[in-house]
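Trainee: Sequential numbering of the sequence shown, starting at 1, is according to UniProt numbering.
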Amino acid sequence: MLQIWKRLFADRSPIPETSGKVCKVANAAEFDALLSANTHMVVDFYADWCPPCRAIAPVFSELADKHSSNGHLAFAKVNIDHVDNVASRYGVSAMPTFLFFENGAPKGVAVRDMRPRSSVSLSADGLVERVRGADRAALQAVVQALAGKE
1 MLQIWKRLFA
11 DRSPIPETSG
21 KVCKVANAAE
31 FDALLSANTH
41 MVVDFYADWC
51 PPCRAIAPVF
61 SELADKHSSN
71 GHLAFAKVNI
81 DHVDNVASRY
91 GVSAMPTFLF
101 FENGAPKGVA
111 VRDMRPRSSV
121 SLSADGLVER
131 VRGADRAALQ
141 AVVQALAGKE
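1. Is the distance from the Cβ of residue 146 to the Cβ of residue 111 below 7 Å?
2. Report the start-end ranges of each alpha helix (DSSP H) in the UniProt domain "Thioredoxin" (2 to 148) that is 4 residues or longer and not cut off at the edges.
3. Going by beta carbon distance, what residues of the same chain come within less than 8 Å of residue 76, once the five residues before and after it are set aside?
4. Taking contact to mean 3 or more Cβ pairs, one atom from each stretch, closer than 8 Å, check whether the region 97 to 107 and the region 126 to 140 are in contact.
5. Just the Cα atoms here: how many angstroms apart are residue 114 and residue 123?
6. Candidates 116, 144, 103, 143: which alpha carbon is nearest residue 38's?
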């Protein structure tokens with residue numbers, strides 16, 4: 001079991017980005033500029049050494065390819081090992097964590113029929129505030145809800 005665990009976390013090479021629609025954020029200023037330039041933003045806080053981050057990366061890229069809309073809905077990735085000040089600003093402590101922004105601020109998203117589950121943080125009024133972990137279905141549901149706001 002220990003050997004499997006070591007192999008899972010052995011790959012620390014950068015996670016390849018397969019979509020030209022995903023912005024890999026290099027610093028806090030770049031992150032803030034993206035927030036200012038887009039009405040909505042979906043942000044993937046990740047680490048290269050994180051196996052669930054590697055697993056969900058192609059899904060995030062596919063969602064960006066399908067739903068990205070210039071100035072309306074942007075997709076960004078923040079490597080918590082390189083841009084830790086942005087991760088700490090939003091209280092990100094687990095990877096991957098997906099946060100959703102509207103007009104430059106974190107904002108919950110109304111997702112039809114979203115039920116509470118361990119990977120989804122819901123506000124008191126039932127809005128999805130964040131998705132923790134590689135929960136493909138939850139991430140897809142939130143992005144589809146955001147894309148419907150166009």
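Cβ atoms here follow ideal geometry from the backbone N, Cα and C, with glycine treated the same way. Just so it is clear, the structure is predicted and the values come from calculations on it, not from any experiment.
Mentor: With the given structure in hand:
1. Taking the first residue of the sequence shown as 1, we reach residue 146 at position 146. Taking the first residue of the sequence shown as 1, we reach residue 111 at position 111. With respect to residue 111, residue 146 sits apart: the two C-beta atoms are not nearer than 7 Å.
2. Segments of the alpha helix (DSSP H) lying fully in the UniProt domain "Thioredoxin" (2 to 148): 2 to 8, 28 to 37, 51 to 67, 84 to 89, 136 to 147.
3. What you label residue 76 is simply residue 76 of the sequence shown in a count that begins at 1. Setting aside the 5 residues that flank it on each side, residue 76 is surrounded in the same chain by 22, 23, 24, 25, 31, 34, 41, 42, 43, 44, each with a C-beta closer than 8 Å to its C-beta; the list follows chain order.
4. Yes, the region 97 to 107 touches the region 126 to 140.
5. Numbered from 1 along the sequence shown, position 114 holds the residue referred to as residue 114. Numbered from 1 along the sequence shown, position 123 holds the residue referred to as residue 123. One C-alpha to the other measures close to 12 Å.
6. Mapped onto the sequence shown, residue 38 falls at position 38. If you compare the alpha carbons of 116, 144, 103, 143 with that of residue 38, the shortest gap goes to 103.
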